[in-house]
Amino acid sequence: MDVLIRFVNETATGTDRGIWLISSAAITYIGMAVSAAIYQRYIDRLRIMVRGALIGLVHDQAMKLPGKEVESEAVTLMSSDVDSVESVGEIFHDTWAYILEVVIGTMLLTARLQWFAFLPLAIIFACSRMSAYVAKHFEPRQKNWNTATQERISTTTSVLGGIKSLKMMGMVDVTQCRIWQLREKELRLSERLRWILVAYNASANSLGIFAPVLTLVFYALSSGTGELHANDVFTSIALLSMVTHPANMVMTLVPRAVSIIANFARIEAYISRLPVLDPRHNDGKEGLSLVSLEYVSVRHPSTPDPPILRDVSFRLSKGELIVCTGAVGSGKTSLVMALLGELPSTGSISLASKKIAYCAQAPWLPSVTIRDAIISHSNFDQEWYKLVLDACCLSPDLESFRNGDSTFIENNGMNLSGGQRQRVALARAVYSRYDVVILDDPLSALDENVAEQISDRLLGPRGLFREMNAGVLLISNATKLFPMANRLLVLQGSEARLQDPSTVQQGKIPGSLVHYAASDQTTQPSELYDTKAPGHNQRIDNAAEDLSRNAGDIALYGYYFNAVGYQNAFLMTVCTATYSFCLTFSQYVLRWATEASSGELNGYMGLYVGISFIAWAATSGTMWFTQMKVAIRSGTVLHSQLLERVLRAPLSYFADTQIGITLNRFSQDIALVDKQLPSALANLSTQIFKLLMQVALIVYVQPVMLATIPPCYILVYLIQKVYLRNSRQLRFLDLESRSRLNTNFLDTTSGVTTIRTFGWQDKFATKNIKALDMSQKPYYLLLCLQCWLKVVLDCIMATVAVGLITLTVVYRSSTGSDIGMALNLMIGANTTLLRLVQNWTSLETSLSAIARLKDVQECVPSEDGAKGALEPGAQWPSAGELRTENITVSYSQKSEPALRNLSFRVNPGQKLVVMGRTGSGKSTLMLSLLRLLETKHGSISIDDINIAHVPLQILRQRGIIAVPQDGFNIPTAAIRVNLDPYNKCTSDEIVQALRRTRLWDKIAAASTDVDTILNLPMSAILTFSAGQMQLFALCRMLLRVKATAPTKPIIILDEASSSLDRETEAIVGDILCKELEYHTVIMIAHRTEGIMNTLRPGVDAIATMKDGKLRVSIIGTSMD
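Shown next as structure tokens:
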């Protein structure tokens, strides 16, 4: 630049020197573009290698840790922390390169400005104090923000997973309030970090803006001539950018580096955890017992309580069936976990093989087809496969599915009924043909007839397990299975006793044992859920819609600006325009200063200082509006709208939409709204105004350059169009491959116990490697595309710069000041154009999140509709009479009715037990009473008020109190909130209800203070068994009944005692007789042994459902 300015100012120069200047410029600019591209290619390769290595390490560690420790953390580390840490190589190499550039720039600047060259270093030192402050306070604030985000997403995940139960209990509004409180906490904590970012940005920008100002002002004031020469000023400006820009970038890297250190520390802590210590011995000897326990004691590792089981000894031989039985909480599942090596134990556990066929109480199913879930990693055998399906009674179910055994399993079997999930898991255990089989209550979700068929075909004298000569340990309280067993293992009072099955008839088995516990909470699966990978198809549809969306969709911008607030958007745009004008126009002020006389110099330098200060204030204002106004308001409004729309959506929406897709709206899309989209909008606005100013001044210097604007505009537009189209497609492929990788991780972490038990660790590790390789390909191509964009734009700007220099050399119509200003503008214009295209693309990519949020807002219906126009009186319902008249119900407009012309009446205070096989219509009836399914014809009334006109929240909070089978709760919410969501009961009343359901002793172990205990999150207490979860749900119902007194809401119990033993089930009967004596109660059940003695002859009734028809019989009479 110095040589070119001198060349322009000198009149007598030869053409050879001009040609040399042009050639030097071409080599310099093109060389910079090529070398930058090569460097970026190696950085991208390093990024890919770091990502692959870290994801592999996290997955391998997930296979070694206890199941409860990996379910959510591993996925978070893989998706969030690894994405941050993968750029560590780029930061490292950029840092030393920037430092080297500062040193070289300072040396060159010293040669021109002497000691004034050290002024920028003093400013750098001052600004570094802010960097030190950021490094000290950034990590804890970032950690708090991340923790709050994780808490909100975890709660949202729990809510979406239990949305059916949530709607049944009428807890939508309180749950919405809970999530919104977590969102407010998240935004509040983000504001603390955003303030640091605003201050840090102001400090970093002051370096780039004020370092040239102070250096040139002091240099001008100290010069004896009172003049500034163009070659000194503009060459110094270029050299100053060599010092301030890399120094600024180093300080910009500080927050990223601190964040990466925090992310890396999380990954390191996770990888450093102690794996599961398997105390079992593998004898590997033929002819010995398959399983041998000698004086084994089992203790939960997180509590100092006495052992759950003490001195357990027994042997399991080939062809033997041992049934383990005991009361709720006696340690049956703990014994299983010890046998699988998942719980620490003392004593001796010897196994012939550590590969065990295992069927869990809550079965785990991967996201594959039913066929693949059953076959898993075994070799396919058509005859054996068919035999297993018949033995597990799955053939009729598969025939009812449109896609048969190719039906895709969504979200751990969410699209299957409880019984179907258990039978698929049971079929997987049978198909493996392992010698050792452990079944943890595998028939609890089946009706009695189906359970009898399966037990006979698997456990009977001619059952498959007998033919396989397998040793089977069955956990069950079903007394009908006892005669099939060779021995019984009875758990009672932390002790285990082997008994002969004949002791059942001799009355020596504890009275806590029960018959089949059953529930099938999802009926008509082929109508409601049966699809072939609906989540996958939904993702493809969304992506295809995103790919076909027009760039710059005005409706999307309008939707987003409405969320941002038009005033905030306008003020942010004013700040960006002011900053761009002042920063660029300051170059023109320097041109005036170089041409001014000594008397005018001070005035121009004062103007230079003032306009630079305005630029700094404007960019700081831009950052403040972006972080504190735009991001906060848009995040608040869009999340609120999304939460309201999703939680008020009908049940059919959740049946048709995969939970992962909905969860991505709350995680990935909201993250884009919070972080990427506001910055992309502000940066794009800034780059547009800067480029306009830079082009205007360049054209002013060389008017001929005006002719290059149309072709450059067309060329950049075409490049942007190609880049955006390909970027969208690669982004779609990247998201799809990441989705598959996430699914594999979720499958691994949620089923790690089952995977280890079957010995499938290597299989899943290989599967993860394949999914990782597939996800690396589009990601690397996307990085290559970004590198291509930078190379192309660099080459365009190199051509323009060389053209400008050529025109200057040939025509010499410009002054030295003009060409100095133009070349400095060209240096900035190159970066401006690149960032403009990148920010435009980033904005368009981020707008896809807005498009998805807008689609949810406009296309997802509300279940309350327009019918909720009648608000009954405060005493409704006062009696609790239920009447249905000719109701017809179906799951969709096109499907056949599940209930047709059904009419019945339940009198006030009457107890009605509804029974029937899977698919008979029991759950359909329950969903209709709660208006989770709307009736096509007919009416349902409570105390003579048609519930179709009652607002849903009133119906589900006051009209009906439902107890779902799964005992839903929010893990991150307090025990008090889960039991008494509306805060209507005192602590004493809550404790009394917990004592009534025999849960207080388990919960009270966490502390001695009642309020402290009740304010603990649910996740802080030891894991509840399935039976204890049902007792917890009954406790919530008792508190709701107390809170709604003196009204008489109808109580619906959906298999409320399916996982209880006989002794504990007596609690339910006692509650029916006392607390619910005057309430109308509808119980959906497969068995009635435990509650028959509580029903009143001549008053209460039993109803049998078959093919959507109901037959009601009054107990003790022949009346129907």
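Start counting the sequence shown at 1; every next residue gets the next number (the UniProt record's numbering).
Positions of the beta carbon are idealized from the N, C-alpha and C atoms, including for glycine.
- Between the segment 782-801 and the segment 29-43 there are three or more C-beta pairs closer than 8 Å, enough to call the two in contact.
- For arginine 905, the secondary structure class from DSSP, reduced to helix, strand or coil, is strand.
- Three or more pairs of CB atoms, one per stretch, sit closer than 8 Å, so the segment 963-971 contacts the segment 1025-1034.
- A Cβ-Cβ distance of about 4 Å is found for the pair serine 203 and methionine 130, placing them in contact under the 8 Å criterion.
- Distance between alanine 352 and leucine 638, taken at the CA atoms: about 58 Å.
- Look at phenylalanine 408 here: in three-state DSSP terms it is strand.
- Contact between serine 406 and arginine 371 holds, with the beta-carbon distance rounding to 6 Å and staying under 8 Å.
- Annotation: the segment 385-447 contains the following complete segments of the beta strand (DSSP E) (minimum length 3 residues), in chain order: 436-440.
- Distance from the CA of tryptophan 195 to the CA of glutamate 1055, rounded to the nearest whole angstrom, comes to 52 Å.
- Threonine 841 is positioned such that its CB atom lies closer than 8 Å to that of serine 727.
- Counting other Cβ atoms within 10 Å of its Cβ, glycine 921 reaches 16 or more and is therefore classed as buried.
- Measuring C-alpha to C-alpha distances from proline 307 to each of Gln181, Gly493, Val323 and Asp278 identifies Gly493 as the nearest.
- Within its own chain, the residues whose Cβ lies closer than 7 Å to the Cβ of histidine 137, once the five positions on either side in sequence are excluded, are Ile196, listed in chain order.
- Take the alpha-carbon of methionine 63 and the one of lysine 355: they are about 15 Å apart.
- DSSP places histidine 937 in the strand class (E or B) of the three-state scheme.
- Counting C-beta atoms within 10 angstroms of its own C-beta, alanine 33 has 16 or more neighbours from the protein chains shown and is therefore classed as buried.
- For glutamine 910, no alpha helix (DSSP H) segment is defined, and its DSSP state is neither H nor E.
- Checking the DSSP bridge columns, you'll see phenylalanine 758 has no partner listed.
- Contact check for valine 172 against leucine 647 passes: the beta carbons are separated by less than 8 Å.
- Within the same chain, Cβ atoms closer than 6 Å to the Cβ of isoleucine 719 are found at Val792, the five residues on either side in sequence being excluded.
- If you look at valine 88, you'll find it in the alpha helix (DSSP H) that goes 88-113.
- Around the C-beta of alanine 132, fewer than 16 other C-beta atoms lie within 10 Å, and the residue is accordingly described as exposed.
- One alpha carbon belongs to alanine 485, the other to aspartate 397, and they sit about 29 Å apart.
- Under a 10 Å Cβ-count criterion, tyrosine 713 is classified as exposed, with fewer than 16 other Cβ atoms of the shown protein chains found around its own Cβ.
- If you draw a straight line from the Cα of leucine 160 to the Cα of valine 472, it is about 37 Å long.
- Just so you know, the alpha carbons of valine 103 and phenylalanine 116 end up roughly 15 Å apart.
- DSSP, reduced to helix, strand and coil, places glutamine 361 outside both helices and strands of the structure shown, so it counts as coil.
- Residue pairing of isoleucine 267 in beta bridges, as defined by DSSP: absent, with no partner found.
- Under the three-state reduction of DSSP output, glutamine 965 falls in the coil class, being neither helix nor strand.
- Exclusion of the five residues before and after lysine 854 leaves Tyr559 as the residues of its chain whose Cβ lies within less than 6 Å of its Cβ.
- Spanning the alpha carbons of glutamate 1063 and leucine 1016 requires a straight line of approximately 29 Å.
- DSSP, read as helix, strand or coil, puts methionine 774 in helix.
- Under the DSSP assignment, arginine 188 falls in the alpha helix (DSSP H) whose first and last residues are 172-222.
- Taking C-beta separations shorter than 8 Å and ignoring five residues to either side along the sequence, the partners of alanine 362 in its chain run Ala1026, following chain order.
- Two segments are said to touch when three or more pairs of C-beta atoms, one from each, lie closer than 8 Å; by this definition the segment 233-248 touches the segment 207-215.
- Contact holds between the segment 579-586 and the segment 608-616, because three or more Cβ pairs, one in each stretch, are under 8 Å apart.
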